[in-house]
Structure formats: C-alpha cells, structure tokens
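Some notes on the structure that comes next.
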Amino acid sequence: MRHTLTAEAADRFAAVTLGHVTREYPNKPDHVLAGPEEARTPSALHPIFHGSYDWHSCVHGYWLLARVLRRFPEGAQAVAIRALFDRQLTPAKVAGECAYLAAPGARGFERPYGWAWLLKLADALAHLPETRWSGALEPLAGLFAQRFRDFLPVARYPVRVGTHFNTAFGLRMAFDYAEGTGDAALARLLIDAADAWYDADVDCPAWGEPSGDDFHSPALIEAECMRRLLPPARFRPWFDRFLPRLADRQPATLFAPAVVTDRSDGKIAHLDGLNLSRAWCLRALAGGLPPDDPRRPTMLDAAERHLDASLPHLAVHYMGAHWLASFAVLALEA
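Numbering (the working numbering), first residue to last: 6 to 339.
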C-alpha cells in the first residue's frame with residue numbers, strides 16, 4: 006500500500022487539528038432551546054467540545070490527537086497535544102459536558118454518530134500511559150454507553166444513509182469501546198442489533214451511492230460493521246452473500262472515487278470524507294479475507310485510488326479541514 010500514516014503525515018494532521026479543536030467560531034450547534042435562558046455560546050454549553058465547527062467533529066479531532074500521541078509519543082506535536090489534554094480533559098470540564106446531557110431536550114443529542122465517536126475517543130485515551138485523561142472522561146463515556154443500552158432495544162429499524170445517522174457506523178465504533186473496556190453485555194447488545202438489522206441483507210446493489218452529501222458508503226460501512234462485530238467464520242459467508250460480485254468490480258459505483266466540485270460547500274465537501282471512509286472500509290474488509298482471496302487486490306487498489314482522490318485536499322477549506330483528517334487516519338491505519 007502506497008499510503009500509510011507516517012510520522013510526517015501524523016504531525017501535519019495533528020497541527021491542523023490543534024488549530025481547530027478550540028476554535029469556537031464558526032459553529033453549528035446541535036442544541037434544543039427550551040427557553041430564552043438556554044441561548045448560550047458554544048463554550049458555555051460544552052466546556053470541552055466547543056470547537057471544530059460542531060460537537061462531533063471536535064470529539065473526533067480529540068480522537069485523532071490521542072491516536073497520533075499513541076503512535077508517535079515523541080512527535081513534533083506531542084507536547085502541544087499533552088498540554089491541550091491537561092487543560093481540557095479535566096473532571097470539572099467533563100462534568101460540564103455531562104450536565105448538558107441531563108437536559109430533557111438532549112435525549113437525541115448526536116445520536117448515534119457523536120455517541121460512537123465519544124466512545125472511540127475514550128478507547129483511544131485508555132491506551133495512553135497518561136491515565137488521568139482517560140479517568141477524567143470516564144463519566145461522560147459511561148453516559149454515552151448507557152445511551153446505547155437504552156436506545157438499541159427500542160430501535161427496531163436501522164438507518165442506512167451515508168451521513169451522521171448511519172447506525173452501522175455507530176455500532177462499529179462503539180464496539181471498540183465495549184471490547185476495550187471488557188463490557189461483554191454492551192458488546193452483546195451491539196452484536197444483537199447488527200444481527201437484527203443486517204444479517205438477512207443479500208446482493209447489495211449500492212445503487213444509491215454516492216448521494217450528494219454522503220461521507221459514508223452505506224454498503225461498505227455496513228460490511229465493515231459486520232466484519233468488526235462478527236467472528237470470521239460468520240462474517241465471510243455473510244460478506245459473500247452481501248457483495249457477491251466484488252471480484253468483478255461490481256457494484257461499479259463502489260470502485261469509482263466521488264468527484265468533489267466545491268470544497269467550500271460543507272455538504273459537497275462531505276464527498277472527500279466518503280472517499281476516505283471508503284478507503285478505510287475497503288482496506289479493513291480486505292484484511293478480513295484470506296491472503297489468497299482474489300478480491301483483495303481489487304479492493305486494495307480501489308482504496309488507493311480513493312485516497313489519491315482526496316488526501317491532497319484535506320485542508321483546502323475549513324468546511325473540510327475541521328474534520329477530514331480524522332477519516333484520513335482511519336483509512337491510513339486500516
């Protein structure tokens with residue numbers, strides 16, 4: 006694979022991310038106003054995650070920084086990352102984030118995308134030698150884990166769009182946290198939801214891809230969810246049924262990188278994220294197949310072409326710069 010997460014790339018991504026995780030404006034809040042007294046600034050609502058244009062992008066910006074710090078603890082941005090975490094990931098500020106979730110209007114806040122990324126951040130922090138940051142975030146992670154426990158038993162149907170509401174992405178990311186914390190009951194709940202929603206899916210046409218503001222491939226993120234949650238003996242027969250013509254580059258739409266025509270448009274800029282997300286899924290799925298599987302070269306080649314299409318454009322405009330590097334890291338490490 007030509008594209009990998011080098012120390013130089015990690016430093017560059019971290020520098021971009023450090024530039025926006027505390028940048029409060031412009032800001033797109035996900036906030037329900039119950040009265041005029043709740044019209045507050047982003048930093049008043051969210052003591053930690055008030056940067057990066059929106060809450061969830063700020064969360065996965067912190068995840069990127071934690072991931073870079075783990076991979077390159079002596080990297081050029083390591084001192085700045087540690088200083089940021091010491092300022093922001095404190096028990097008092099985490100308590101402020103927890104308090105926000107107690108409001109009646111916050112029940113659906115960031116479901117499931119932000120939930121999943123917060124748990125992914127908690128998992129990343131747990132792998133760092135500095136345990137104070139993970140310990141501080143634990144109460145907030147516990148609240149979001151509980152939200153999955155409360156939501157999944159009443160969620161009869163999946164959401165298959167290519168945006169924030171996609172449930173396969175939520176399950177896949179939350180599973181890393183459940184496994185990392187040894188929460189077998191949460192892991193079982195996630196697996197049961199995946200089985201109920203996706204086990205019967207066959208011969209996915211992917212005919213609706215890409216939609217004009219996708220940053221997930223509904224087909225590939227579903228497959229990646231099942232790869233992550235199921236043992237290989239169950240996943241591989243399911244995958245054979247779900248995308249039975251991959252060796253022939255079908256569905257063809259999954260092999261053609263999306264064309265991004267205006268990177269200053271936040272929705273159109275999502276398509277750079279789609280290219281990165283597809284590359285992540287294609288690489289991870291190829292890794293879940295036997296080494297001699299004839300689909301692997303085709304999938305890995307497609308992943309490289311998707312990376313070629315969007316990696317050079319991560320910081321062209323703030324509409325992409327505030328979040329795309331996180332998906333680049335997912336893809337480069339897959």
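Beta carbons are placed, not taken as given, at the ideal position from N, Cα and C, and that holds for glycine.
Using only the alpha-carbon positions, how far apart do residue i and residue j sit?
i: M6; j: P262; result: 17 Å
i: A289; j: D91; result: 33 Å
i: W138; j: G24; result: 20 Å
i: D208; j: A44; result: 48 Å
i: L47; j: L194; result: The sequence shown places Pro at residue 47, rather than the Leu named in the question. When rounded, the distance between both Cα atoms is 33 Å.
i: E227; j: Y203; result: 8 Å
i: A14; j: L312; result: 14 Å
i: A199; j: L124; result: 18 Å
i: D181; j: D188; result: 10 Å
i: G80; j: R250; result: 43 Å
Alpha carbons only, please: which of the options is nearest the one belonging to residue i?
i: A100; options: G40, R232, A121 and P144; result: P144
i: P117; options: S282, M324, T172 and A284; result: T172
i: R154; options: A205, L176 and P134; result: L176
i: I273; options: R301, H322 and D197; result: H322
i: Q151; options: F170, R112, L74 and E135; result: R112
i: M304; options: A284, D297 and H55; result: A284
i: V73; options: D35, R17 and C286; result: R17
i: V26; options: A81, L10 and L89; result: L89
i: G40; options: T136, A108 and A19; result: A108
i: D167; options: D128, G213 and E135; result: The question names Asp, yet the displayed sequence has Gly at residue 167. Ranking D128, G213 and E135 by Cα distance to G167 puts G213 first.
Taking its Cβ as the centre, do 16 or more other Cβ atoms sit within 10 Å of residue i, making it buried, or is it exposed?
i: D253; result: exposed
i: Y162; result: exposed
i: D277; result: buried
i: D219; result: buried
i: P190; result: Note that residue 190 corresponds to Ala in the displayed sequence, not to Pro. Exposed: under 16 other Cβ atoms inside 10 Å.
i: L38; result: exposed
i: V84; result: exposed
i: S269; result: exposed
i: A121; result: buried
i: D59; result: buried
i: H132; result: exposed
i: Y30; result: exposed
Does DSSP classify residue i as helix, strand or coil?
i: G217; result: coil
i: T136; result: helix
i: K272; result: coil
i: S62; result: helix
i: I226; result: helix
i: Q255; result: coil
i: Q82; result: coil
i: F77; result: coil
i: F114; result: coil
i: N280; result: helix
i: K98; result: helix
i: S331; result: helix
i: P262; result: coil
i: G24; result: coil
i: I196; result: helix
i: W122; result: helix
i: E43; result: helix
i: Y340; result: For residue 340 there is no data in the structure shown, the boundaries of the chain being 6 and 339.
i: C103; result: helix
i: L312; result: helix
i: T11; result: coil
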